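Residues 1 to 285 in full-length UniProt numbering are what the sequence shown lists, from first letter to last.
First the structure, in the form of structure tokens, and then the observations on it.
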Amino acid sequence: MKNEISIATGCKFHIDSNAQAIVETANPSNTIPLERLPTHEIEGTTFYVVINSQALIETTNLTNTISFHDMKDHGTHYSMCYHSEYKNFPCQLDAVEDTININIPPLLLLDSEGMTKKYGVTIESLKNKTDLEFLNPNYEGFMERVAGILPHIDIAGQDFIIDLNLKELRLAEDPFIKLEFKDFEIGSFDGDFAYHFLYDTKLQKLVGNESSKDVIQVELPNLLYLDPVGLARRNGHEDSAYIRDYPIEKNLKATTYTSPLDVKKHFNKQTFDSDVSPRKRGKRL
Numbered sequence: 001m002k003n004e005i006s007i008a009t010g011c012k013f014h015i016d017s018n019a020q021a022i023v024e025t026a027n028p029s030n031t032i033p034l035e036r037l038p039t040h041e042i043e044g045t046t047f048y049v050v051i052n053s054q055a056l057i058e059t060t061n062l063t064n065t066i067s068f069h070d071m072k073d074h075g076t077h078y079s080m081c082y083h084s085e086y087k088n089f090p091c092q093l094d095a096v097e098d099t100i101n102i103n104i105p106p107l108l109l110l111d112s113e114g115m116t117k118k119y120g121v122t123i124e125s126l127k128n129k130t131d132l133e134f135l136n137p138n139y140e141g142f143m144e145r146v147a148g149i150l151p152h153i154d155i156a157g158q159d160f161i162i163d164l165n166l167k168e169l170r171l172a173e174d175p176f177i178k179l180e181f182k183d184f185e186i187g188s189f190d191g192d193f194a195y196h197f198l199y200d201t202k203l204q205k206l207v208g209n210e211s212s213k214d215v216i217q218v219e220l221p222n223l224l225y226l227d228p229v230g231l232a233r234r235n236g237h238e239d240s241a242y243i244r245d246y247p248i249e250k251n252l253k254a255t256t257y258t259s260p261l262d263v264k265k266h267f268n269k270q271t272f273d274s275d276v277s278p279r280k281r282g283k284r285l
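This is the structure in structure tokens:
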């Protein structure tokens with residue numbers, strides 16, 4: 001029987017059921033025995049509180065995990081729809097009467113001691129802070145974005161402003177130079193919802209198949225990385241909807257290649273308005 005239990009997609013830690021410990025996947029020597037973890041009870045079921053993966057793990061069923069990323073963060077607490085039989089989120093077709101809405105304290109309260117050790121801070125420094133504020137690697141950047149400051153991206157040393165509302169990138173030093181998303185190709189070697197295009201660094205415009213020493217292949221990350229706040233607003237969500245998984249990048253740079261790549265056989269033309277959103281919450285059908 002396999003002893004490694006995945007906690008969540010993309011999580012840097014996993015559960016070793018034999019060792020009864022949380023293990024850092026890239027550094028197996030970094031382990032935390034489950035017995036040392038604090039616990040939280042939900043409707044008679046006890047869960048381990050795991051701050052490294054920001055999840056609750058059922059003590060008697062280590063395969064059952066509830067990610068805080070899937071809960072609604074209210075700042076003072078989290079809320080979720082809970083199915084007492086699954087001991088997790090309900091399925092979409094489950095009857096409403098079989099589920100209840102519950103509140104869960106923030107991680108800063110559930111494991112204050114663990115937070116101080118992990119981040120090298122004092123208990124005093126945790127007071128009056130929210131999980132979003134403390135756990136976000138660029139909370140200041142998030143607040144600036146909420147205040148209206150648009151994110152930037154570096155393309156071959158040229159600074160562009162990302163404007164999802166107008167669906168364009170604008171050169172910071174000359175706002176009349178614009179690159180429109182409708183002219184980008186969707187998809188790249190790094191992701192289906194990323195973007196790529198040919199760009200002439202001298203003329204500062206998109207080009208077709210022109211061969212020139214000034215033409216480069218540019219690949220942009222998807223909208224969740226370009227502007228998670230702008231995308232949340234476009235999708236009708238709160239500004240913080242995606243920020244836990246996709247924090248504002250401090251020094252965002254496009255991937256560039258000095259010689260254009262033949263990518264046409266790999267990608268299909270799509271539009272800026274193609275659906276780009278994180279995975280759905282709750283259990284899959």
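Ideal Cβ placement from N, Cα and C applies to all residues, glycine included.
None of the values given here were measured: they were computed from a predicted structure.
- A Cβ-Cβ separation of about 6 Å places Pro33 in contact with Gln20 under the 8 Å criterion.
- Under the three-state reduction of DSSP, Lys182 is assigned to helix.
- Put simply, the backbone Cα of Phe47 is about 19 Å away from that of Thr9.
- Runs of the alpha helix (DSSP H) spanning 4 or more residues and lying entirely within the region 77-132 occur at 107-110, 112-119 and 123-126, in chain order.
- Per DSSP, Tyr246 is not a residue of any beta strand (DSSP E), being assigned neither H nor E.
- By the neighbour-count definition (other C-beta atoms within 10 Å, threshold 16), Gly75 is an exposed residue.
- Taking a contact as a CB-CB distance under 8 Å, the pair Thr65 and Ile155 does not count as one, their CB atoms being some 39 Å apart.
- Of the other Cβ atoms in all chains shown, 16 or more fall within 10 Å of the Cβ of Glu219; this residue is therefore buried.
- Under DSSP, the beta-bridge partners assigned to Pro33 are Ala21.
- In the DSSP annotation of this structure, the continuous segment of the beta strand (DSSP E) that includes Ala55 starts and ends at Ala55 to Glu58.
- For Asn3, the closest of Thr45, Ile51, Asn61 and Pro38 by C-alpha to C-alpha distance is Asn61.
- It is roughly 46 Å from the alpha-carbon of Tyr78 to the alpha-carbon of Gln204.
- Beta-bridge partners of Phe197 (DSSP): Val218.
- Taking C-alpha positions only, Thr116 is separated from Pro151 by approximately 31 Å.
- In the structure shown, the three-state DSSP call for His237 is coil.
- Assignment of Gly187 by DSSP, reduced to helix, strand and coil, places it in the strand class.
- In this structure, DSSP gives Glu173 a state outside helix and strand, which the three-state scheme calls coil.
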